[in-house]
Structure formats: C-alpha cells, structure tokens
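Participant: The structure that follows is given in the form of structure tokens.
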Amino acid sequence: MELAVSGPLLALLAAPREGGNATMIFLLQMVAIGVIFYMLLIRPQRKEQERHRTMIKELKKGDKVVTNGGIIGTVVHAQDDRLTIKTAEDTRIVVQRGRIAQLFDEKSSE
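As structure tokens, this is what we get:
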C-alpha cells in the first residue's frame, strides 16, 4: 500500500515543471521598481515639503529669513499670506509666505 501512494506522488514530483510565468515576473519587477522609486524619491520629498510648510506657518516677527531670491532680512510684520521683511535700515519688502526659502542661521552661514 505504501507503493500505491508513493507511486503517484513520485510521478507528480518528477513531472517537468514549467518556469515562472513571464508576465508575473515582469509585474513583480515593476512593483519592486515602484517601491524603490517611492522610498528613494517620493517619500523624502514629501517629508521636506511638510517641514517647509511647518516652517512657513510658524514664521513670526523678529525671525531672520532668506527668500528664494537670496534676499536676507528680518520679519517686521506677518499676515496670513504675506510677510514684510526689513533688509536694510530703511528698506522693507513685502513677499509671499511661500517665497521664503529658509530661516537664516548665522552659525551655518560662516
């Protein structure tokens, strides 16, 4: 009886197997590329955008900032969508909040 069960089992195991389906392998490769693309490019960019949004939202009077154009100044007045920055003794510029690139740090500029 042992031979009766092992015969069909051995025949099944000894049957030639086909290789993986080419379409399935292709789809797995595309999914792997998508995951790598997300982890290396999209995720870090989203984190940076969120950090910038938070920084823009928290700007207040007295903060030293750098605009996208490279102008360095101090915030003297803050509105919802605009900031007035003082760049020199008598020079004030009104800029959109979104145009602020970063907070100015004296230590990092040296």
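Every letter in the sequence shown is one number past the one before it in this note's numbering, and letter 19, counting from 1, is 241. A virtual CB, placed ideally from N, CA and C, is assigned to each residue, including glycine.
1) Nearest to residue 327 by alpha carbon, out of 302, 284, 271, 244?
2) Report the option in 312, 282, 310 whose CA atom is closest to the CA atom of residue 303.
3) Where does the unbroken beta strand (DSSP E) through residue 282 begin, and where does it stop?
4) Can you list, in chain order, the residues of its chain with a C-beta nearer than 7 Å to that of residue 223? Leave out the 5 residues immediately preceding and following it.
5) With DSSP as the reference, identify every bridge partner of residue 296, one or two as the case may be.
Facilitator: Straight from the coordinates:
1) Ranking 302, 284, 271, 244 by CA distance to the CA of residue 327 puts 284 first.
2) Residue nearest to residue 303 within the set 312, 282, 310 is 282 (criterion: CA-CA distance).
3) If you look at residue 282, you'll find it isn't in any beta strand (DSSP E); DSSP assigns it neither H nor E.
4) Low confidence applies here, because residue 223 scores a pLDDT of 45, under 50, leaving its location unreliable and the question unanswered by this model.
5) In DSSP, residue 296 forms a bridge with 286, 308.
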